[in-house]
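Asker: Top line first, the protein sequences correspond to chains E and U.
For the first sequence, the numbering used here begins at 1 and goes up steadily by one.
For the second sequence, the numbering used here begins at 296 and goes up steadily by one.
We put the beta carbon where it would ideally sit given N, CA and C, even for glycine.
Fair warning: this is a prediction, and the values are worked out from it, not measured in the lab.
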Amino acid sequence: MSSLSYAAPTSVDDAVKLLAGSSGLAKVLSGGTDLLVQLRSGRVKPELIVDTKKIPGIIGIREENGGFVIGAGTPGAVVEAHAGLTAAWPGLVEALDLIGSTQIQGRCSLAGNLCNGSPAADSVPALFAANAIAVVVGSKGRREIPVEQIPTGPGRTSLAKDEFILEFKLPPRPARSSDAYLRFIPRTEMDIAVVGCGVSLTLDAKGVCTAARVALGAVAPTVIMVPAAAAALIGHTLDADTLAKLDAAAQAAAKPISDKRGTIEYRTKIAGVLARRTAAIAFDRAAGIKNGKAH
Amino acid sequence: MAKSYVSATINGESSEFLCETQQTLLDVLRDVVGLTGSKEGCASGDCGACSVIMDGRLVCSCLVLGVEAEGTSITTIEGIATGEKLHPVQQKFLEHAALQCGFCTPGLIVATKALLDENPNPTETEARYWLAGNLCRCTGYDKVIRAVMDAAAELRGETVG
Chain E
1 MSSLSYAAPT SVDDAVKLLA GSSGLAKVLS GGTDLLVQLR SGRVKPELIV
51 DTKKIPGIIG IREENGGFVI GAGTPGAVVE AHAGLTAAWP GLVEALDLIG
101 STQIQGRCSL AGNLCNGSPA ADSVPALFAA NAIAVVVGSK GRREIPVEQI
151 PTGPGRTSLA KDEFILEFKL PPRPARSSDA YLRFIPRTEM DIAVVGCGVS
201 LTLDAKGVCT AARVALGAVA PTVIMVPAAA AALIGHTLDA DTLAKLDAAA
251 QAAAKPISDK RGTIEYRTKI AGVLARRTAA IAFDRAAGIK NGKAH
Chain U
296 MAKSYVSATI NGESSEFLCE TQQTLLDVLR DVVGLTGSKE GCASGDCGAC
346 SVIMDGRLVC SCLVLGVEAE GTSITTIEGI ATGEKLHPVQ QKFLEHAALQ
396 CGFCTPGLIV ATKALLDENP NPTETEARYW LAGNLCRCTG YDKVIRAVMD
446 AAAELRGETV G
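(1) Let's see if you can read the secondary structure: which residues bound the beta strand (DSSP E) around leucine 29 of chain E?
(2) What's the call for tyrosine 181 of chain E, buried or exposed, on a 16-neighbour Cβ count within 10 Å?
(3) According to DSSP, which residues form a beta bridge with lysine 380 of chain U?
(4) What does the Cβ neighbour count give for glutamate 94 of chain E, buried or exposed, with the cut at 16 atoms within 10 Å?
(5) Just to confirm, are isoleucine 369 of chain U and valine 384 of chain U a CB contact at a threshold of 7 Å?
(6) For glutamate 265 of chain E, which of E/Arg277, E/Ala252, E/Arg276 and E/Leu201 has the nearest alpha-carbon?
(7) Give me whichever residues DSSP pairs with threonine 319 of chain U in a beta bridge.
(8) Using 8 Å for Cβ pairs, my map puts aspartate 13 of chain E next to leucine 29 of chain E. What's the rounded Cβ distance?
(9) How long is the line joining the alpha carbons of alanine 211 of chain E and alanine 230 of chain E, rounded to whole angstroms?
(10) Tell me, which residues are paired with lysine 169 of chain E by DSSP?
(11) Let me make sure I understand the geometry here. Which of E/Val199, E/Arg142, E/Ile49 and E/Ile192 has the alpha-carbon closest to that of alanine 218 of chain E?
(12) So arginine 285 of chain E is in the alpha helix (DSSP H); what residue range does that whole segment cover?
(13) For threonine 237 of chain E and lysine 206 of chain E, I'd like the C-alpha separation in whole angstroms.
(14) Answer with yes or no whether the minimum CB distance from aspartate 14 of chain E to chain U is below 7 Å.
(15) According to DSSP, is proline 151 of chain E part of a helix, a strand, or is it coil?
(16) Ignore the nearest five residues each way along the sequence and tell me which others in isoleucine 270 of chain E's own chain have a CB closer than 8 Å to its CB.
(17) Using three-state DSSP, classify phenylalanine 312 of chain U as helix, strand or coil.
(18) Taking only the alpha-carbon atoms, compute the straight-line gap between leucine 353 of chain U and alanine 406 of chain U and give it to the nearest angstrom.
(19) Quick check on the burial criterion: 16 or more other C-beta atoms within 10 angstroms. Buried or exposed for isoleucine 289 of chain E?
(20) With DSSP collapsed to three states, give me the class of valine 214 of chain E.
(21) When you compare the stretch 105–119 of chain E with the stretch 143–158 of chain E, are there three or more beta-carbon pairs, one atom per stretch, that lie closer than 8 Å?
(22) In chain order, what residues of the same chain have a beta carbon less than 7 Å from the beta carbon of glutamate 373 of chain U, not counting five sequence neighbours either side?
(23) So if DSSP puts aspartate 259 of chain E in a beta bridge, which residue, or which two residues, is it bridged to?
(24) Please list, in chain order, the residues of the stretch 84–115 of chain E that have any C-beta partner in chain A closer than 8 Å.
(25) What is the rounded straight-line gap between the Cα of leucine 96 of chain E and the Cα of alanine 120 of chain E?
(26) DSSP has glycine 307 of chain U in a bridge; who is on the other side?
(27) Please list, in chain order, all residues of the same chain as serine 123 of chain E whose beta carbon is under 6 Å from its beta carbon, the five residues on each side excluded.
(28) Which first and last residues belong to the beta strand (DSSP E) in which lysine 141 of chain E is found?
(29) At 4 residues or longer, and completely inside the stretch 7–52 of chain E: list those alpha helix (DSSP H) runs for me, N to C.
(30) Determine the direct distance from the alpha carbon of glycine 32 of chain E to that of leucine 39 of chain E, and round the result to whole angstroms.
(31) If the cut-off is 7 Å on Cβ atoms, which residues from the stretch 14–45 of chain E count as contacting chain U, listed in chain order?
(32) Could you have a look at arginine 441 of chain U and say whether DSSP puts it in helix, strand or coil?
(33) With 7 Å as the limit, tell me which residues of the stretch 421–438 of chain U have their beta carbon closer than that to any beta carbon of chain E; keep them in chain order.
(34) Check the Cβ of valine 362 of chain U against every Cβ in chain E and list those closer than 7 Å, keeping chain order.
(35) Taking the straight line between their C-alpha atoms, what separation do you get for methionine 444 of chain U and lysine 260 of chain E?
(36) Rounded to whole angstroms, what's the CA-CA distance from glutamate 419 of chain U to threonine 86 of chain E? Just pull it up for me.
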């Protein structure tokens, strides 16, 4: 039996010292819905688990400088219950809410979903599209980096051994802004994305898109930003020509693998379809049409 | 490897136990505390047979470390009835024959209790989505959902037939 230690530090400094001082593998524990499965299967064999949930601020949501700050370990159920965040960022909230069951929602977190490094992670395309900033803490202090710089490959991140994410900052929302996330799965619940798509955008008073960010999941080794898809939207209403260009840009960016969930050809086509459908929902929401799925 | 000392409230009573880091809350409940009502189905958070309510939130006890239980309040299937008197959810599962082999039943009852604590008047769709993390290979779910909806009505004071 290998010896596995556990610590639940109550400050960032203590947590960083524990991570830095570990001679073997140290794993950060938030909700544990991925880590405990990996421990059980033997896929990871840490010597130390640092439970971050006792660190002040790591669980909870607050408004700051016109935007929202979400504690890295905040459970999905807590995020979903936050009316202000849900109104401003319905796409991010629906993406996080798609992870697992009610039981998983009681524990799963944005930071866990991001740092687990799955290309198919549901909340990550929405987090990318939202232009979220990760507040990373470590021995060298605190740094703020765009979330898309965190995952580097399946199961890998850019974080150093002694670093972890403390919180996520979402930028202030201009008027007529909204977002959406869709994933394609062959059933209605409890499955892993064949393709996922997050879109965040802003419209002007005439319904013309003035800013957009589009991200795709499960079509590359990490979740990816698709600037060409965003460019297809900016300066346009959501007419047939815009949708066709968006579809083509999403398909061009998709570089999936074939596996049991779908072939390369299938996933590529779905990436275009989902980009169109997700953008349509985001447009409707930004225009103030509730639950819009008209397109 | 030294074991950790953990103090928690389990089914309303203060409880203390020793556990190793890699032991899950489910391991501790079953093998250390002696509460074997919570079942291990998949041990990966997919089946819900180990569902417990921890500080008011429904969780899979197989995805919680025993050491994380420090200072928390936990309700297991053993804490649902009041003495010999079954909780309405338990009674309705019996009346509607919402089980066959019974292995998923503790998790389903705990999950239903958590649902009705949060939403006393769920639609059938809401109940089905809430319970999507509780797998049952016997009933086909219809009897389960009938029991849940009937229990919800009874708890709201709407006695049906």
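Answerer: The structure says:
(1) For leucine 29 of chain E, the uninterrupted beta strand (DSSP E) segment begins and ends at 26–29.
(2) That one is buried.
(3) Note: lysine 380 of chain U sits in a beta bridge opposite U/Thr377.
(4) A residue is called buried when at least 16 other Cβ atoms come within 10 angstroms of its Cβ; glutamate 94 of chain E meets this threshold and is buried.
(5) The Cβ atoms of isoleucine 369 of chain U and valine 384 of chain U do not sit closer than 7 Å to each other.
(6) Residue E/Ala252 is the option with its Cα nearest to glutamate 265 of chain E.
(7) Threonine 319 of chain U is bridged by DSSP to U/Leu360.
(8) The Cβ separation is near 18 Å, so there is no contact.
(9) If you take the alpha carbons of alanine 211 of chain E and alanine 230 of chain E, they lie about 8 Å apart.
(10) Lysine 169 of chain E pairs with E/Val69 and E/Ile133.
(11) Checking every option, the nearest Cα to that of alanine 218 of chain E belongs to E/Ile192.
(12) It spans 264–286 - the alpha helix (DSSP H) in which arginine 285 of chain E sits, taken as one unbroken run.
(13) Whole-angstrom Cα-Cα distance: 9 Å.
(14) So, not an interface residue.
(15) Correct three-state label for proline 151 of chain E: strand.
(16) Within the same chain, Cβ atoms closer than 8 Å to the Cβ of isoleucine 270 of chain E are found at Phe184, Val194, Val195 and Gly262, the five residues on either side in sequence being excluded.
(17) In this structure, phenylalanine 312 of chain U counts as strand in the three-state DSSP scheme.
(18) If I take the Cα positions, the gap works out to 7 Å.
(19) Classification for isoleucine 289 of chain E: exposed.
(20) Looking at valine 214 of chain E - three-state DSSP - the assignment turns out to be strand.
(21) With the cut-off at 8 Å, the stretch 105–119 of chain E and the stretch 143–158 of chain E touch.
(22) The beta carbon of glutamate 373 of chain U sits closer than 7 Å to those of Asn306, Leu330 and Gly332, all from its chain and outside the five residues before and after it, given in chain order.
(23) Answer is E/Gly262, bridged to aspartate 259 of chain E.
(24) Included in the structure are the protein chains E and U, with no chain A among them.
(25) In a straight line, the C-alpha of leucine 96 of chain E is about 12 Å away from that of alanine 120 of chain E.
(26) The beta-bridge partner set that DSSP reports for glycine 307 of chain U is empty.
(27) If we look at serine 123 of chain E and ignore the five residues flanking it on each side, its Cβ neighbours are Ala95, Leu96, Leu110 and Asn113.
(28) The amino acid occupying residue 141 of chain E in the given sequence is glycine; lysine does not appear at that position. For glycine 141 of chain E, the enclosing beta strand (DSSP E) begins and ends at 141–146.
(29) Listed in chain order, they are 12–21 and 35–41.
(30) Distance between the alpha carbons of leucine 39 of chain E and glycine 32 of chain E: 10 Å.
(31) Answer set for the stretch 14–45 of chain E: Gly32, Thr33, Leu36, Val37, Leu39 and Arg40.
(32) Helix.
(33) If the cut-off is 7 Å between Cβ atoms, the stretch 421–438 of chain U has Tyr424, Trp425, Ala427 and Gly428 near chain E.
(34) Scanning chain E for C-beta atoms nearer than 7 Å to the C-beta of valine 362 of chain U yields Tyr6, reported in chain order.
(35) Answer to the nearest angstrom: the Cα atoms are 37 Å apart.
(36) A straight-line Cα-Cα distance of about 24 Å links glutamate 419 of chain U and threonine 86 of chain E.
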